[in-house]
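Comments concern the structure below.
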Amino acid sequence: MCYFNGEFVPLQDAKIGVMTHAFNYGTACFEGIRAYWSADERQLHVFRQADHFDRLRRSAHTLMISLPHDRDTLCAITTELLRRNGFETDVYVRPLAYMASELIGVRLHNLDQGFVIYAVPFGDYIEAAGGVRAITSSWRRIDDTAAPARAKLTGIYVNSALAKTEAALNGVDEAIMLTDDGHVSEGSAENLFAVIAGELVTPPPSDNILVGITRDTVIHLAEDRLDMTVRERSVDRSELYGADEVFLCGTGAQIVPVREIDRRAIGTGQVGPITRAIGRAYMDVVHGRDWRYRSWVSAVYQREPARSS
Ligand code: PMP
Numbered sequence: 006m007c008y009f010n011g012e013f014v015p016l017q018d019a020k021i022g023v024m025t026h027a028f029n030y031g032t033a034c035f036e037g038i039r040a041y042w043s044a045d046e047r048q049l050h051v052f053r054q055a056d057h058f059d060r061l062r063r064s065a066h067t068l069m070i071s072l073p074h075d076r077d078t079l080c081a082i083t084t085e086l087l088r089r090n091g092f093e094t095d096v097y098v099r100p101l102a103y104m105a106s107e108l109i110g111v112r113l114h115n116l117d118q119g120f121v122i123y124a125v126p127f128g129d130y131i132e133a134a135g136g137v138r139a140i141t142s143s144w145r146r147i148d149d150t151a152a153p154a155r156a157k158l159t160g161i162y163v164n165s166a167l168a169k170t171e172a173a174l175n176g177v178d179e180a181i182m183l184t185d186d187g188h189v190s191e192g193s194a195e196n197l198f199a200v201i202a203g204e205l206v207t208p209p210p211s212d213n214i215l216v217g218i219t220r221d222t223v224i225h226l227a228e229d230r231l232d233m234t235v236r237e238r239s240v241d242r243s244e245l246y247g248a249d250e251v252f253l254c255g256t257g258a259q260i261v262p263v264r265e266i267d268r269r270a271i272g273t274g275q276v277g278p279i280t281r282a283i284g285r286a287y288m289d290v291v292h293g294r295d296w297r298y299r300s301w302v303s304a305v306y307q308r309e310p311a312r313s314s
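If you want it as structure tokens, here you go:
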């Protein structure tokens, strides 16, 4: 089942026409939300869905789209959708707000708008256990003066797709994009952190990143669980070569250690202790096992939680 323009319908019945504006011009915005299955609680937990819908609203505002519901209703619809599908596995939820008019003419004004949420079973987006290999992409991260990377707009993902495929065709797993002025921005669908001289460093929003919810989660976990302050500052490409650790993070990717960049080993070439600790802490939080962050997860099924830790 999916939620399509106001109704729950079978996914195969949720169709759009070939002339749909968003399909022709990339005029849509979206989110990627994960829900994690906890076998011991027999419960599906959605992670930070309210924060995702807040970002969706900001993205939609940039496109002059108004979402059909407020945040609480969007969360309730998502929960209901997951319940109706009866998922007992990890799931990826994809809300999309899009320009639905079927006409020729590139613009944002005077168009009909559509809204859909679908959900699919989802495992690892990147096989990451021992760390991934990355290259610096020859494609620069799109600048805010051209199209805003901080808004999650479908059209902008051509930038990510070019970079990701360039990396794959070069035999590695991921691409790291630089800004127009040569600073590290982010991966194709992940934010980047580096351990440099004992500090955890991450590029600031002004370096054309999508301001990730996983990134924010990592900042909290580093401070609360590892007693490390995260520094948001511009990072040079060559700083990464000398970093002790680098990892990527995102809803789909989760916490992904980077063991090599541009054929140079990062640190020991193995998964570093800070990356490992953040990865473990993250998995506890998203599965609802860390009660300090329990407010970030919302249960789909109506069962009493068995508080164990
Ligand atoms: N940057 C880009 C370009 C992305 O597509 C994503 C995935 N949404 C991220 C960063 C990470 O964002 P989040 O942690 O909110 O998923």
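For the sequence shown, position 64 (counting from the first letter as 1) is numbered 69 according to the working numbering, and the numbering increases by one without interruption.
Every residue, glycine too, gets a C-beta built ideally from N, C-alpha and C.
So is residue i buried or exposed if we call it buried at 16+ other beta carbons inside 10 Å?
i      : result
SER243 : exposed
SER314 : Note that SER314 has pLDDT 48, beneath the 50 cutoff, so the model's placement of it is unreliable and the number below is only indicative. It is exposed - the Cβ of SER314 has fewer than 16 other Cβ atoms within 10 Å.
PRO278 : exposed
SER303 : buried
LEU113 : exposed
ILE181 : buried
GLN259 : buried
VAL98  : buried
ILE266 : buried
ALA248 : buried
PRO210 : exposed
ARG89  : exposed
HIS315 : The first residue shown for the chain is 6 and the last is 314, placing residue 315 beyond what the model contains.
Is residue i helix, strand or coil when you go by DSSP?
i      : result
HIS292 : coil
TRP42  : strand
ASN196 : strand
ALA297 : Before going further, note that residue 297 is Arg rather than Ala in the sequence given. In this structure, ARG297 counts as helix in the three-state DSSP scheme.
HIS57  : helix
THR94  : coil
GLY319 : Nothing can be reported for residue 319: it is not among the residues displayed for the chain, which extend from 6 to 314.
ILE218 : helix
SER314 : Unreliable placement is indicated for SER314, whose pLDDT of 48 sits below 50; the coordinate value is still reported in the next sentence. Residue state, collapsed to three classes: coil.
PRO210 : helix
LEU253 : strand
ALA227 : helix
Does residue i come within less than 7 Å of chain B when only Cβ atoms are used?
i     : result
PRO15 : Absence of chain B from the displayed structure is noted, only one protein chain being present.
Give me the Cβ distance between residue i and residue j, rounded to the nearest whole Å; I'm assuming they're in contact under 8 Å.
i      : j      : result
GLU191 : LEU226 : Actually they do not touch by this definition, with Cβ atoms about 19 Å apart.
GLN54  : ILE38  : 5 Å
GLU250 : ALA199 : 7 Å
VAL206 : ARG238 : 6 Å
From the DSSP output, read off the bridge partner residues of residue i.
i      : result
THR141 : ILE181
ALA304 : HIS50
HIS188 : ASP241
GLY119 : TYR103
Quiz item: Do three or more CB pairs link the region 153-169 to the region 228-246 at distances below 8 Å?
Solution: no
Quiz item: Can at least three beta-carbon pairs, one atom from the region 93-107 and one from the region 122-136, be found at a separation below 8 Å?
Solution: yes
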